[in-house]
């Protein structure tokens, strides 16, 4: 009797995606609002630099990856009032 063998799942090549914890999400939000309180325009570069200086073990090092994660958190680019 023939039995059907399930196909082995193909692994996706490349580095696994970075998953940030809830604490990291909260820290991103905190630093973002801290920049707003200091009246500094919060750009991706400034925010990432602050997070990396505050937390040496922060998992995101790339601005592109950080921008994608910020977008997933719900932050969007908007016109600011002067």
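In the working numbering, the protein residues as written are 1333 to 1414. The beta carbon of each residue, even a glycine, is placed where N, CA and C say it ideally should be.
The beta-carbon distance between residue 1379 and residue 1364, rounded to whole angstroms, is 6 angstroms. This is short enough to meet the 8 angstroms contact definition.
Boundaries of the alpha helix (DSSP H) harbouring residue 1397: 1395-1405, taken from the DSSP string. Every unbroken stretch of the alpha helix (DSSP H) spanning 4 or more residues and falling wholly within the stretch 1340-1377 is given here in chain order: 1354-1369.
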